[in-house]
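Scroll down for the structure; my scribbles are underneath it.
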Amino acid sequence: MESMIHDMAERLFRDHVTHRLREKAASGHCPEALWTQIEEAGLTMALVPENAGGFGVPPAEALGLLRIAGAHGLPLPLAETLIANAVLATANMALPGGRLTIAEGEALRLERRGKRVHASGHLTLVPFARWANRIVTIAVLDGTDHVLSLPVKVLSFAPAQDLAGMPRDDIKLDHTLAETDAVPLPRPMGGMRRLGALIRSLATAGAMETILEMSIQYANDRVQFGRPIGKFQAIQHNLATMAGETAASRTAAEMAAGSYDTPAFALTVAAAKARAGEAAEKVGALAHQIHGAIGYTQEHTLHHFTKRIWGWRDDFGTELDWTRELGRAALSSPHDTFWHFITDSAAKGAPA
Numbered sequence: 066m067e068s069m070i071h072d073m074a075e076r077l078f079r080d081h082v083t084h085r086l087r088e089k090a091a092s093g094h095c096p097e098a099l100w101t102q103i104e105e106a107g108l109t110m111a112l113v114p115e116n117a118g119g120f121g122v123p124p125a126e127a128l129g130l131l132r133i134a135g136a137h138g139l140p141l142p143l144a145e146t147l148i149a150n151a152v153l154a155t156a157n158m159a160l161p162g163g164r165l166t167i168a169e170g171e172a173l174r175l176e177r178r179g180k181r182v183h184a185s186g187h188l189t190l191v192p193f194a195r196w197a198n199r200i201v202t203i204a205v206l207d208g209t210d211h212v213l214s215l216p217v218k219v220l221s222f223a224p225a226q227d228l229a230g231m232p233r234d235d236i237k238l239d240h241t242l243a244e245t246d247a248v249p250l251p252r253p254m255g256g257m258r259r260l261g262a263l264i265r266s267l268a269t270a271g272a273m274e275t276i277l278e279m280s281i282q283y284a285n286d287r288v289q290f291g292r293p294i295g296k297f298q299a300i301q302h303n304l305a306t307m308a309g310e311t312a313a314s315r316t317a318a319e320m321a322a323g324s325y326d327t328p329a330f331a332l333t334v335a336a337a338k339a340r341a342g343e344a345a346e347k348v349g350a351l352a353h354q355i356h357g358a359i360g361y362t363q364e365h366t367l368h369h370f371t372k373r374i375w376g377w378r379d380d381f382g383t384e385l386d387w388t389r390e391l392g393r394a395a396l397s398s399p400h401d402t403f404w405h406f407i408t409d410s411a412a413k414g415a416p417a
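Numbers in the numbering used here are just positions in the sequence shown, counted from 1, shifted up by 65.
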């Protein structure tokens, strides 16, 4: 199943996610036709259990789609929709179909009004909000996590964008929700910030793999002083650094995906997002150093990927935020040594 789903996504993105499509998306055009194909292929339901209408594949396999999407610079909210559908399914809520997105809802104020829930506050930098049908978030009411499914058409928002030109909109919320749009979460899922950090870690790993491939190809093709620049030791050192950072980021992201819905999830996601942010800074800078001025031009593909990984550093917590969380967890651990803290956490997330 993994090979089939991943191969399907790889073919779809390879055939349709072009430089021109990314350019049009960055100028505000939503690629509707490609989204239709993604949805018809069932990719948005990969993390939903089979009894709820999904594929029923292991989470690590479903989440692996997001690394592939990142590797192609997909300018659509597949990652957000995948997670939103999984959260809605966990809460036994209706899966509305279409494009969905997610937001950190910890700062929202919820209060009961009869049988309904009133939500107020702000959702900031919501990815793809203006292209989505609904925003899914998790907020606390009476000490219990509640899943909110917010219809975008009734919301007030201020449009903005990230470094890559993708929608990142601010939402003002002051609405009484339908009973079916605010439902208690039957079990903890780690909060939307953590789930968002997971999808950004996977996408960053995929995008950096493409950046590395482009840099290796350019270093082999670009001739200076009578030989390819890839023959120079300084360039080789930079490529080796990029390869190491990319491999470490992918390993951390895949470990986090493999620990989805296990006791180790909190720590592995924190490690993955922190590692992705650190790697993104180095890989992006070295890629542009290797490419020189051409990498900054609008006609070149490189900037579509470096802008993405730099923007994703700040989404759902920076590496500083997540390393602090790791530090707090280590300090509060009952283990005598840091090594035992790490190995015990990894063992809890290991597949059975």
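Using N, Cα and C, we set each Cβ at its ideal position, and we do this for glycine too.
- Residues 78 and 82 of the same chain have their beta carbon placed closer than 7 Å to that of residue 139, with the five preceding and five following residues left out of the count.
- Taking every protein chain shown into account, the CB of residue 359 has fewer than 16 other CB atoms within 10 angstroms, so this residue is exposed.
- Residue 130 and residue 70 have their C-alpha atoms roughly 8 Å apart.
- Each residue's CA atom was taken as its position, placing residue 145 and residue 291 some 48 Å apart.
- The Cβ atoms of residue 156 and residue 248 sit closer than 8 Å to each other.
- Boundaries of the beta strand (DSSP E) around residue 165: 165 to 169.
- Residue 311 sits close to residue 344, with the two beta carbons spaced by under 8 Å.
- Nearest in C-alpha terms to residue 153, of all of 199, 390 and 396, is 199.
- Restricting attention to beta strand (DSSP E) runs no shorter than 3 residues, the stretch 160 to 220 encloses them at 165 to 169, 174 to 178, 181 to 192, 199 to 206 and 209 to 216, ordered along the chain.
- Secondary structure at residue 378: coil, using DSSP grouped into helix, strand and coil.
- One alpha carbon belongs to residue 117, the other to residue 335, and they sit about 29 Å apart.
- Where residue 338 is concerned, there is no enclosing beta strand (DSSP E), although the alpha helix (DSSP H) around it starts and stops at 330 to 356.
- Boundaries of the beta strand (DSSP E) around residue 249: 247 to 249.
- Checking the DSSP bridge columns, you'll see residue 293 partnered with 288.
- Within a 10 Å sphere around the beta-carbon of residue 142 sit 16 or more other beta-carbons, which makes this residue buried.
- Put simply, the backbone Cα of residue 245 is about 7 Å away from that of residue 158.
- Rounded to whole angstroms, the gap between the alpha carbons of residue 223 and residue 230 is 15 Å.
- Every beta strand (DSSP E) stretch that sits fully inside the stretch 233 to 268 and reaches 3 residues is listed by chain position as 233 to 242 and 247 to 249.
- Residue 320: member of the alpha helix (DSSP H) spanning 298 to 323, first to last residue.
- Taking 4 residues as the minimum length, the alpha helix (DSSP H) runs contained wholly in the stretch 109 to 144 are 124 to 136, in order along the chain.
- Exposed is the label assigned to residue 302, since fewer than 16 other Cβ atoms lie within 10 Å of its Cβ.
- If the five residues before and after residue 269 are omitted, its C-beta is found closer than 6 Å to the C-beta atoms of 341, 345, 374 and 377, all from its own chain and listed in chain order.
- DSSP places residue 282 within a helical segment (H, G or I) once states are collapsed to three.
- In this structure, DSSP gives residue 226 an extended state, which the three-state scheme calls strand.
- Here residue 367 is not near residue 300, since their CB atoms are 8 Å or more apart.
- Non-local beta-carbon contacts of residue 86 in its own chain, meaning distances under 6 Å to residues more than five positions away in sequence, involve 96 in chain order.
- Counting only residues of its own chain and dropping the five nearest sequence neighbours on each side, residue 197 has a CB closer than 6 Å to the CB of 164, 165, 166 and 217.
- The C-alpha of residue 193 lies about 24 Å from the C-alpha of residue 325.
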